[in-house]
Structure formats: C-alpha cells, structure tokens
Amino acid sequence: MSVLLIAEHNNKEVKPFTLNAITAASQIDQDLHVLLIGSKADDVAKSLSEVPLVKKVLHIDHEIYENYIAENYTAAILKHADKYSHIICSANTFGKNLMPRVAALLDISQVSDIIKVISPDTFLRPIYAGNAFATVKSNDERKCVTIRPTSFEAAETTGGSAEIEKIDAADQTENTKFINREEIKSDRPELGTARIVISGGRGLQSGENFKLITDVADKLNAAIGASRAAVDAGYITNEHQVGQTGKVVVPDLYIAVGISGAIQHLAGMKESKVIVAINKDGEAPIFSVADYGLEADLFEALPQFLEELNKLNTIQK
Amino acid sequence: MKILVAVKRVIDYNVQIRVKEDGSGVVTDNVKMSTNPPDDNAIEEAVKIKEAGKATEIIAVTVGEEKAQETVRKALAVGADRGIHVKVDGTIEPLAVSKILKKIVEKENPDLVFMGKQAIDDDCNQTGQMLAAHLNWPQATFASKIEVNDKSLQVTREVDEGLETIEVNTPAIVTCDLRLNEPRYASLPNIMKAKKKPIEQINASDLGVDTNPRIEHIKIEEPPKRKAGIKVASVEELVQKLKNEAKVI
Chain A
16 MSVLLIAEHN NKEVKPFTLN AITAASQIDQ DLHVLLIGSK ADDVAKSLSE VPLVKKVLHI
76 DHEIYENYIA ENYTAAILKH ADKYSHIICS ANTFGKNLMP RVAALLDISQ VSDIIKVISP
136 DTFLRPIYAG NAFATVKSND ERKCVTIRPT SFEAAETTGG SAEIEKIDAA DQTENTKFIN
196 REEIKSDRPE LGTARIVISG GRGLQSGENF KLITDVADKL NAAIGASRAA VDAGYITNEH
256 QVGQTGKVVV PDLYIAVGIS GAIQHLAGMK ESKVIVAINK DGEAPIFSVA DYGLEADLFE
316 ALPQFLEELN KLNTIQK
Chain B
65 MKILVAVKRV IDYNVQIRVK EDGSGVVTDN VKMSTNPPDD NAIEEAVKIK EAGKATEIIA
125 VTVGEEKAQE TVRKALAVGA DRGIHVKVDG TIEPLAVSKI LKKIVEKENP DLVFMGKQAI
185 DDDCNQTGQM LAAHLNWPQA TFASKIEVND KSLQVTREVD EGLETIEVNT PAIVTCDLRL
245 NEPRYASLPN IMKAKKKPIE QINASDLGVD TNPRIEHIKI EEPPKRKAGI KVASVEELVQ
305 KLKNEAKVI
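These protein sequence lines map, in sequence, to chains A and B. If you number the first sequence the way the numbering used here does, the last residue is 332 and the count never jumps. If you number the second sequence the way the numbering used here does, the last residue is 313 and the count never jumps.
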C-alpha cells in the first residue's frame with residue numbers, strides 16, 4: 016500500500032516543512048503520494064510533482080479550500096484516504112490541528128511528532144518535552160503519523176516528474192469560518208529553518224532592548240527567537256517563541272541571550288548543532304546544554320559581540 | 065450556556081524527568097503531580113466567561129486513576145461548579161480519552177468544551193481535535209483569545225505564521241494555549257468550599273469504550289546527552305571559537 020502525505024501550502028508555494036515530511040514519509044514507503052488540497056494552486060501541484068521522492072500528486076482544486084480549515088481538509092482527506100497504509104503530515108500547527116481529526120474518524124491512534132522512522136510501524140518520538148525518547152509501535156492496521164520537521168532533511172525539489180491527478184472535492188462545513196490571518200512579514204530567515212537563531216529571554220528586560228538582538232541577527236542573517244518568559248512579558252510576539260509549546264528549532268548555531276534555560280525552553284532548542292549561552296547568572300541551567308558559555312552582562316556583551324563580528328573579514332550566510 | 069472543561073493530571077512542569085533504568089517508563093513515585101498547565105488556562109477561561117454572565121455552569125472532567133480526582137478538585141476550587149471523574153487504570157491514549165469524553169458530552173450536553181492544547185507528559189496534542197471529530201463539532205485549537213457571541217465564538221489561534229482568527233458556531237471545542245489568560249490561584253476559603261462540591265465517579269468500563277492501547281511502548285530511554293561545553297572568558301574568545309573551532313560563522 017502507498018503512503019499519503021498531506022501538503023501544507025498557501026496556494027502559491029509549498030511550505031518548507033512539507034519537504035521535510037516528504038523525506039520522512041518516503042522512509043516509511045517509497046510509493047509516496049502527496050495530497051494537495053487548495054484553490055487555484057496549480058503552481059503548487061507542479062512544484063510538488065518535481066520533487067523526486069514524490070510518485071504522484073493528487074490535486075483537489077476548489078474555492079472552498081482557499082483558506083485552510085481543518086474540518087474541510089479532513090472531509091477531503093477521508094474521501095480519498097482508504098487506499099493508503101499511512102497518512103502523514105508535518106507536526107507544526109498545520110498538522111497538529113489537522114491529523115487528530117482525521118485519525119479519530121478513521122479510528123486510528125495517532126503517532127505524533129516522530130523524530131525517526133525505525134520501520135513502517137515503529138517510530139521514535141520525544142515525550143516530556145524531549146526529556147525522554149519513546150520507541151513506539153503502532154498496532155493499528157493503518158497509521159496516522161505526524162513528523163517533527165526539523166528531524167528530517169528537506170527533500171530535493173527538482174528533477175522529478177510525478178503524475179498530477181485531479182480528484183474531487185468534499186463537502187464544506189458551515190460551522191467554521193475563516194476570518195483573517197495576521198502574518199508578520201519579515202525579511203529575515205524563518206525561525207523554523209534558519210541556519211542561525213539568536214534568542215532573547217527575560218534578561219532583555221524590555222521590548223526596546225530586543226534591538227540588541229536584532230542588530231546581531233542582522234549581521235549574522237539569523238532568525239530571532241524568544242523564551243516564553245519574554246513573549247509573556249510582551250517584549251516580542253508569539254511566533255518567535257521557542258520551546259515545548261512553541262517552535263522547535265535545530266539550527267547550526269543557537270545563541271541564547273538572557274535566557275535561564277527552563278526545561279520547556281530547552282525542549283525547543285537543545286538539538287541545535289552549536290549552542291551559545293550568554294547569561295550573567297553562572298548557575299543558569301542554559302549553561303548545561305551550551306557548547307560555549309559566556310558569563311556576562313548581556314548589555315555589555317551584545318554590543319561587544321557585534322563589534323567583534325564587524326571585525327571579521329567574512330561571515331557565512 | 066454550559067461549559068465542560070477537561071483536565072489531566074501530569075508530572076509537574078518543574079520536575080526534572082527521570083527515566084526508569086529498565087526502559088519501561090519514567091519515574092512517577094514520589095514525584096510532584098499537577099494539573100496540565102494549559103488545562104489551567106482552560107478552566108480559567110471558563111470561569112471568566114461565567115463571571116461575565118455568559119455561562120451558567122462549569123463542569124470539570126478528568127479521565128484517569130484514583131488520584132486524577134485532585135485535578136478536578138483544583139478546578140472546583142477555582143470556580144467549576146461540579147466535577148466528573150472517569151476512572152481508568154493504566155495507560156490511556158488520546159483516542160480512548162476522546163471517546164470517553166464524547167460519552168460525557170452526550171450525557172451533559174454542554175455548549176462548549178475547553179481543554180489544554182497539549183498535555184506536557186506525552187506531548188500528543190490530539191484529544192480536543194479527536195473529540196471534535198467524534199462529535200462532528202467545529203474545533204478551534206491553540207486559542208489565545210476567545211470572544212463569546214450568541215451562537216458562535218470568535219477565536220484567535222496561535223499558528224506558525226502569527227495569529228489566525230476563525231469563527232465557530234456552537235457547540236464547539238476549544239483547545240487553549242498558555243497565552244489565553246493568567247490562571248488564578250485558589251483562595252483558601254474556595255479550596256474549603258470545593259471540598260463540598262460534588263464529584264461524580266464513573267468507571268470507564270461502564271461507558272462501553274474500548275480503552276486498550278493501540279500503541280506499544282517498546283522502550284523509553286534518556287535522550288542522548290550533549291557533551292559538556294566550555295565557558296569562554298570574553299566576547300573576543302567566543303567569536304574566535306565560533307569562527308575557527310565550531311566554524312559556524
């Protein structure tokens with residue numbers, strides 16, 4: 016049986032995490048079909064068909080799918096899901112919202128947020144904010160699985176030529192209406208996929224002081240993250256939050272500034288390749304996961320850091 | 065309007081988890097337990113809606129072993145009117161919990177069901193959406209703001225790109241984000257009063273729901289440890305290390 020991956024997109028482009036999920040799905044079974052549910056999303060269908068790991072693109076095109084509503088997506092998935100052994104999508108807010116609704120209606124106990132495919136029915140997943148890893152085997156005949164995108168490489172996007180098959184839409188719900196989405200536009204790399212992330216915590220003391228972080232981020236072409244404490248204190252908006260209930264990031268370099276390192280924050284960043292902690296409290300738990308710790312007042316250290324970066328001849332982008 | 069709030073008892077969020085040596089799970093003996101944090105937000109929101117005169121009754125429900133009742137008692141102390149404890153021993157998966165909650169919803173006929181968006185123990189993030197599916201109700205997940213209208217809710221949701229607002233007709237399921245509100249502490253008089261509020265006990269087996277796990281936990285292990293890092297003495301040294309040793313800038 017083939018596996019079915021549900022694509023996330025904005026009717027113009029595929030969202031990057033779908034490419035990570037494609038890699039994971041292809042490790043479960045190479046006969047990988049992608050379901051694209053959208054409105055006037057032919058460009059998305061084409062780009063998905065060019066992903067070499069994708070064997071077939073199923074495209075549902077209807078105006079009711081202009082905005083993503085889990086109830087409408089679920090109905091569309093159920094209409095076409097019966098031929099598949101696995102239904103898969105990314106474990107970001109898109110997939111977390113959608114997959115359990117699908118799984119419940121198929122009477123499948125979902126496996127959430129896997130970080131490794133051990134076999135088609137056995138997976139590794141973090142529990143307790145990543146403080147334990149569970150090897151789990153699904154005994155349901157068919158599986159619903161969500162993928163932690165940062166644990167899998169993004170799939171290649173060129174060279175493939177999968178068939179695109181147009182299929183039927185399902186009924187629309189009358190009980191849920193999309194009102195609006197406030198997307199924060201930024202020229203910076205996306206937090207979830209950036210090579211470098213610099214995050215600020217409560218130690219920044221105010222929203223204005225985040226400028227110290229922004230200046231370094233500009234220099235390094237880094238994404239900006241934050242601890243929940245900083246978000247709760249109103250220093251920065253929620254989409255920057257890194258942690259158990261925020262985003263999970265795995266950059267090459269993670270710089271934690273004025274962040275003490277609560278368990279919930281560590282859950283979102285401790286798989287980063289290189290971790291730097293700058294904190295004036297030498298006992299802060301963040302130092303226990305840092306490759307390089309600097310015990311210093313961030314208000315002195317950050318301007319100095321920028322100065323030292325300016326002295327370098329080249330900086331990797 | 066009647067609001068049902070589902071709460072779960074979990075290891076307290078401040079406890080450092082220890083994995084059992086035999087790989088069978090994590091240590092829970094003599095470990096502090098609490099209400100799952102976003103479930104506290106769910107209760108708080110229900111209480112605020114009732115205080116605003118828009119709800120008449122709040123029922124707190126939990127599914128779990130004998131001691132899970134503590135979380136219902138806590139909900140009663142912050143403002144829920146009565147409680148339901150569905151008793152079940154051993155591991156229970158979100159799919160089974162959602163089926164049990166469906167039975168409770170059919171019995172109580174609430175207009176709204178609130179719960180936390182995710183439990184901090186198994187980190188599944190499934191139960192609310194699954195309950196919505198079983199009931200064929202709309203779902204508003206990861207809510208950071210709720211506006212109650214006559215026959216609908218306007219809910220602001222925290223999504224990867226920022227904030228999204230949807231309108232759902234009631235009855236509906238809302239799963240709550242930590243930023244929805246600031247949960248209050250129970251006052252001592254209210255804790256005393258809560259002891260007199262009724263908690264109905266129901267055995268899961270009497271509800272006719274199959275609670276057998278479908279997912280086998282083969283092994284629970286500690287995540288790989290990071291190798292110990294070093295402390296650098298100056299910003300200059302830090303930049304040199306990042307450039308020449310780690311080669312990341």
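All C-beta atoms, glycine included, are put in the ideal place defined by N, C-alpha and C. Treat the numbers as computed from the prediction; the structure is a model and nothing was measured.
- Collapsing the DSSP output to three states places B/N308 in a helix.
- By the neighbour-count definition (other C-beta atoms within 10 Å, threshold 16), A/V49 is a buried residue.
- Counting only residues of its own chain and dropping the five nearest sequence neighbours on each side, B/D145 has a CB closer than 6 Å to the CB of E121 and I122.
- The region 201-213 of chain B and the region 234-246 of chain B touch, with no fewer than 3 CB-CB distances between them shorter than 8 Å.
- Listed along chain B, the residues sitting closer than 8 Å to A/G308 by beta-carbon distance are G293, I294, K295 and V296.
- For A/R203, the three-state secondary structure derived from DSSP is coil.
- Note on the region 186-249 of chain A: whole alpha helix (DSSP H) runs with a minimum of 4 residues are 225-235 and 243-247, in chain order.
- Shown here, A/P31 sits in a helix according to DSSP, grouped into three states.
- DSSP places A/T173 outside both helix and strand once states are collapsed to three, so it counts as coil.
- Assignment of A/D46 by DSSP, reduced to helix, strand and coil, places it in the coil class.
- Legend: CB atoms of the region 258-286 of chain A lying less than 8 Å from CB atoms of chain B belong to residues Q259, T260, K262, D267, L268, I278, Q279 and K285.
- The Cβ of B/A236 sits closer than 9 Å to at least one Cβ of chain A.
- Distance between A/K152 and A/I133, taken at the CA atoms: about 9 Å.
- The DSSP-derived three-state label of A/Y143 is helix.
- Around A/K262, the same chain offers L206, G207, Q256 and G283 as residues with beta carbons nearer than 7 Å, after the five sequence neighbours per side are excluded.
- Sequence-distant partners of A/G297 (beyond 5 residues in either direction) whose C-beta falls short of 6 Å from its own C-beta, in its chain, are E310.
- Between the region 217-228 of chain B and the region 78-98 of chain B there are fewer than three inter-stretch CB-CB distances shorter than 8 Å, so the stretches are not counted as touching.
- Here A/A22 is near A/K30, since their CB atoms are less than 9 Å apart.
- The C-beta of A/A170 has 16 or more other C-beta atoms within 10 Å across all chains shown, which makes the residue buried.
- With at least 16 other beta carbons inside 10 angstroms of its own, A/D136 counts as buried.
- For B/S208, at least one C-beta of chain A is nearer than 9 Å to its own C-beta.
- For a Cβ distance threshold of 7 Å, residue set D187 of chain B lies close to A/D128, ordered along the chain.
- The beta carbon of A/K152 sits closer than 9 Å to some beta carbon of chain B.
- Under the DSSP assignment, A/L19 falls in the beta strand (DSSP E) whose first and last residues are S17 to I21.
- DSSP places B/G192 inside the alpha helix (DSSP H), whose first and last residues are T191 to L199.
- In the DSSP assignment, A/D76 is bridged to A/G53.
- Here B/Q265 is bridged, per DSSP, to B/H149.
- Contacts with chain A at 9 Å (Cβ-Cβ) include B/G192.
- A Cβ-Cβ distance of about 7 Å is found for the pair B/V125 and B/V150, placing them in contact under the 8 Å criterion.
- For B/M256, the enclosing alpha helix (DSSP H) covers residues L252 to A258.
- Counting other Cβ atoms within 10 Å of its Cβ, B/N189 reaches 16 or more and is therefore classed as buried.
- Within chain A, the residues whose beta carbon sits less than 9 Å from that of B/G226 are R196, E197, E198, I199, T252, N253 and E254, listed in sequence order.
- For A/F167, there is no enclosing alpha helix (DSSP H), since its DSSP letter is neither H nor E.
- By alpha-carbon distance to A/Y80, the top candidate from A/D267, A/E323 and A/S54 is A/S54.
- Pairing B/A236 with B/V177 gives a Cβ-Cβ distance under 9 Å.
- A/S242 sits away from A/D267, with the two beta carbons spaced by 9 Å or more.
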